[in-house]
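*Asks:* Below you'll find the structure I mean.
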Amino acid sequence: LNSDSHKIKLGAGDDFQLYHDGTDNHIYTNAGNINIDVAAGDDVKIMAGSENVIWGHGNGEVALYHNNTKKFETTSAGVEINGTGKNTVEINGDGGHELYSYHDSGGAGWCTGAGAGNYGELLYFSESGSDIQIYVAGESSAVFNGNGSVELYYDNSKKFETHSGGVSINGHLDM
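Counting the sequence shown from 1 gives a position; this note's numbering is that position plus 18.
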């Protein structure tokens, strides 16, 4: 059939349909799931022209692509996010609160919060991976320097610090 007005209809109530509307191609169902089954070990690929979009490897990974470049994949150990620059993972919570985790192009890792109160930067991990900084309301609260000192802050002002000779306290100590 060479006409755009024809549909392939299957099922007692035309539950499954394949058709072309003159512009787009459609797969339609109004009853049940659409399952794509292949032989064990074979792959399922969704492509746009010659570019990969989604690729499910039989007995292996599932990968998502952007502009034919793999950006997200499942592995036997979990998931991997691939790319350069600022890679972000967004976790949406209840009431619009969100947590973002990303690695910036300067080599630093960040966890930030958004939503009610706009938390800003919460955690910062240095490029070397050995330093951790905790922020509250955009101000330093604690700094853990790898193989070194721990610093505690009040209102963005350092009040307590450990060092090789003991501790330093800036301000009054109540005991």
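Beta carbons are placed, not taken as given, at the ideal position from N, Cα and C, and that holds for glycine. It should be emphasised that the depicted structure is a prediction, and the values quoted were computed from it without experimental measurement.
(1) Does DSSP classify residue 38 as helix, strand or coil?
(2) From the DSSP output, in three-state form, read off residue 56 for me.
(3) By alpha-carbon positions, which one of 159, 98 and 63 ends up nearest to residue 86?
(4) Could you give the distance in angstroms between the alpha-carbon of residue 34 and the alpha-carbon of residue 24?
(5) Between residue 88 and the rest of its own chain, which residues show a CB-CB distance below 6 Å, the 5 nearest in sequence each way excluded?
(6) From the DSSP output, in three-state form, read off residue 137 for me.
(7) Assign residue 69 to buried or exposed, taking buried as 16 or more other Cβ atoms, counted over all protein chains shown, within 10 Å of its Cβ.
*Replies:* Reading it off the structure:
(1) Walking along the sequence shown from the start, residue 38 turns up at place 20. Strand at residue 38.
(2) Indexing the sequence shown from 1 puts residue 56 at position 38. Residue 56 falls in the coil class under three-state DSSP.
(3) Along the sequence shown, one-based indexing puts residue 86 at 68. The shortest C-alpha separation from residue 86 is found at 63.
(4) The sequence position of residue 34 within the sequence shown is 16, counting from 1. The sequence position of residue 24 within the sequence shown is 6, counting from 1. For residue 34 and residue 24, the distance between alpha carbons rounds to 14 Å.
(5) Against the sequence shown, residue 88 aligns to sequence position 70. So the list reads 81 and 100, once near-sequence residues are dropped.
(6) Start at 1 with the first residue of the sequence shown, and residue 137 comes out as number 119. Note on residue 137: pLDDT 48, under 50, position unreliable in the model; the coordinate value appears next. In the structure shown, residue 137 sits in coil (DSSP, three-state: anything other than H, G, I, E or B).
(7) In the sequence shown, the residue the question calls residue 69 occupies position 51. Burial call: exposed.
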